[in-house]
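Chains as they are written, first to last, in my numbering: chain E, 104 to 413; chain L, 255 to 500.
No residue lacks a Cβ here, since even glycine has one placed at the ideal position from N, Cα and C.
Pasting the structure below:
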């Protein structure tokens with residue numbers, strides 16, 4: 104365990120040094136913000152979370168799982184409170200609670216006549232209520248605020264290592280199973296015909312999303328992580344017609360909004376999670392207006408022309 | 255040996271106790287073109303899902319070339335062309351990548367394609383190009399599927415089945431929303447595949463078409479109502495009664 108932490112620390116230091124080489128190329132007014140050690144840790148965490156959520160958000164958008172991310176992120180709360188009570192790392196409690204709720208929702212949907220939106224609604228409000236009740240008994244409000252809205256500037260080395268580990272694992276799995284995930288989302292029956300274990304992929308994807316939420320807890324908090332699991336993918340969906348390109352753009356949008364949001368939050372002294380999400384939303388708005396094929400502006404002009412031709 | 259043999263297959267939706275399929279028995283030899291006819295909700299798509307292996311039967315036994323489905327699945331023996339409503343046509347995928355999904359069983363055997371999932375071998379693209387050429391869609395290879403017409407969509411999924419080199423072909427409503435030219439292309443290819451020993455099952459409402467091209471017709475309404483030559487089984491009177499009942 105100690106060995107793993109040492110290795111993780113060394114890796115984190117290495118990555119931060121690498122990042123700083125790039126940062127120091129930037130104009131001094133921007134670079135000086137990132138000279139503090141806590142800002143460097145925050146930068147690396149934000150980038151990892153931005154990339155991680157950016158990749159997964161593409162699958163979330165295509166699978167129609169936007170509500171699932173919402174549900175799991177809220178359901179994580181009692182796990183965090185429980186972990187606090189037991190004195191184990193937040194992440195473990197959060198992961199267990201998130202995974203259980205994801206499986207529970209699938210179970211309710213498959214085995215009762217309740218439809219998906221209602222089963223998610225019941226599940227996540229119940230868990231969230233339970234979490235709030237638990238927290239109101241045990242912890243001070245500052246803890247609650249940090250869990251709900253994140254506190255990336257106070258990110259600890261151990262949670263940074265965790266975020267790094269989760270990122271590597273999720274990105275690796277997505278890379279090696281990209282073809283299978285694509286076919287499962289696009290045409291599940293053909294996926295079965297090709298001998299792909301579809302229920303394995305279904306729950307596997309849910310678990311990856313849960314992992315991403317757990318890793319994002321401290322950066323954007325459990326409420327705003329939902330935005331990072333939808334907006335980058337939705338933006339990319341408007342721009343391209345190929346899943347691999349969509350994932351690349353989603354990744355970039357996640358990365359870009361994390362970095363810019365973090366910078367703005369420091370300069371203007373605003374909450375970092377909110378700043379990151381607002382940057383992502385702004386990019387989405389631009390894409391929705393100006394996308395070359397799906398954009399609102401293009402459609403307006405196109406329709407005008409058609410009327411003119413008549 | 256039968257291409258598909260079903261013994262007393264029953265199936266139900268998870269949230270309901272009513273059977274969608276009730277004791278289905280099938281013995282389908284290779285090289286037959288079979289019409290599967292029945293009203294909406296008769297269990298045609300469910301039967302397809304069971305043959306493909308996406309859905310488990312409650313009871314009964316299914317053998318594909320004498321083996322259980324999970325053994326045949328990995329070899330990609332069964333190809334499936336979905337009905338239009340089953341596919342999200344806004345999905346970001348190009349035509350040739352749709353056809354590529356029929357080659358997954360061929361890709362899986364190589365270690366290189368496991369390690370580098372985005373590097374597709376030239377020989378694979380050749381197979382895909384050939385399949386697209388056969389259905390007359392080669393010039394659309396790099397187009398997104400959202401740009402296709404109804405008939406073109408069907409042809410692309412037929413190309414996927416061709417690229418898969420499957421011995422059993424399941425087609426769900428292959429002639430729905432299809433223009434005359436596409437329909438002719440599709441029929442020509444199906445007849446050629448049949449000659450090569452492919453077993454083809456078409457779920458369709460187009461009774462006239464089925465009477466023309468099918469060797470055998472099976473009327474399904476949760477259980478098998480009739481099974482035999484199309485002229486006999488697809489009798490207007492029987493069918494119209496059946497469809498009114500539903």
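By the criterion of a C-beta distance shorter than 7 Å, residue 283 of chain L is surrounded in its chain by 256, 257, once the five residues flanking it on both sides are discounted.
Taking the Cα of residue 201 of chain E as reference, the smallest distance to any Cα among E/301, E/400, E/122, E/185 is reached at E/185. The beta-carbon distance between residue 324 of chain E and residue 253 of chain E, rounded to whole angstroms, is 3 Å. This is short enough to meet the 8 Å contact definition.
Of E/359, E/282, E/136, E/383, the smallest CA-CA separation from residue 368 of chain L is found for E/282. Contacts between residue 165 of chain E and chain L, judged by CB atoms closer than 8 Å, involve 342, 345, 346 in chain order. Rounded to the nearest whole angstrom, the CA to CA distance from residue 163 of chain E to residue 336 of chain E is 8 Å. Close CB contacts of residue 319 of chain E within its chain, under the 7 Å cut and outside five residues either way in sequence, are with 152, 156, 328, 331 (chain order). Three or more beta-carbon pairs drawn from the stretch 342-353 of chain E and the stretch 344-352 of chain L are found closer than 8 Å, and the two stretches are therefore classed as touching. For residue 330 of chain L, the nearest CB of chain E lies under 8 Å from its own CB, placing it at the interface with that chain.
Judged by DSSP in its simplified three-state form, residue 332 of chain L adopts strand. Bounds of the alpha helix (DSSP H) holding residue 449 of chain L are 434-449. Residue-level contact check: residue 222 of chain E does not touch chain L, since none of the beta carbons of chain L fall below 8 Å from its beta carbon.
Going by DSSP, residue 169 of chain E is part of the alpha helix (DSSP H) stretching over 169-189. As far as DSSP is concerned, residue 276 of chain L takes part in no beta bridge. Using a Cβ-Cβ cut-off of 8 Å, residue 395 of chain E is close to nothing in chain L; its nearest Cβ partner there is about 13 Å away. Judged by DSSP in its simplified three-state form, residue 297 of chain L adopts coil rather than helix or strand. At least one CB atom of chain E sits nearer than 8 Å to the CB of residue 327 of chain L. Closest in alpha carbon position to residue 255 of chain E, among E/147, E/116, E/165, is E/147. The three-state secondary structure of residue 290 of chain E, taken from DSSP, is coil. For residue 220 of chain E, the secondary structure class from DSSP, reduced to helix, strand or coil, is helix. Within chain E, 344 have C-beta atoms less than 7 Å from the C-beta of residue 398 of chain L, given in sequence order. Taking a beta-carbon distance threshold of 8 Å, residue 303 of chain L counts as an interface residue toward chain E. Cβ proximity to chain L below 7 Å picks out 286, 289, 290, 291, 292, 293, 295, 296 from the stretch 284-296 of chain E. With a cutoff of 8 Å on beta-carbon distance, residue 454 of chain L and residue 417 of chain L are scored as not near each other. In this chain, the alpha helix (DSSP H) harbouring residue 116 of chain E covers 105-126.
For residue 297 of chain E, no alpha helix (DSSP H) segment is defined, and its DSSP state is neither H nor E.
Excluding sequence positions up to five before and after residue 384 of chain E, its CB lies within less than 8 Å of the CB of 330, 334, all in the same chain and listed in chain order.
Between the C-alpha atoms of residue 180 of chain E and residue 170 of chain E there is a straight-line separation of about 16 Å. Following the DSSP letters along the chain, one finds residue 378 of chain L inside the alpha helix (DSSP H) bounded by residues 376-388.
When rounded, the separation of the alpha-carbon atoms in residue 389 of chain L and residue 301 of chain L is 27 Å. Scanning chain L for C-beta atoms nearer than 7 Å to the C-beta of residue 282 of chain E yields 358, 371, reported in chain order. Residue burial annotation: residue 464 of chain L is buried, with at least 16 other C-beta atoms found within 10 angstroms of its C-beta.
The Cβ-Cβ distance between residue 356 of chain L and residue 333 of chain L falls below 8 Å. Looking from the CA of residue 301 of chain E, the closest CA among L/310, L/278, L/314 belongs to L/310. Taken atom to atom, the span from the alpha-carbon of residue 328 of chain L to that of residue 304 of chain L is near 15 Å.
If you draw a 10 Å sphere on the C-beta of residue 143 of chain E, you find 16 or more other C-beta atoms in it, and that means buried.
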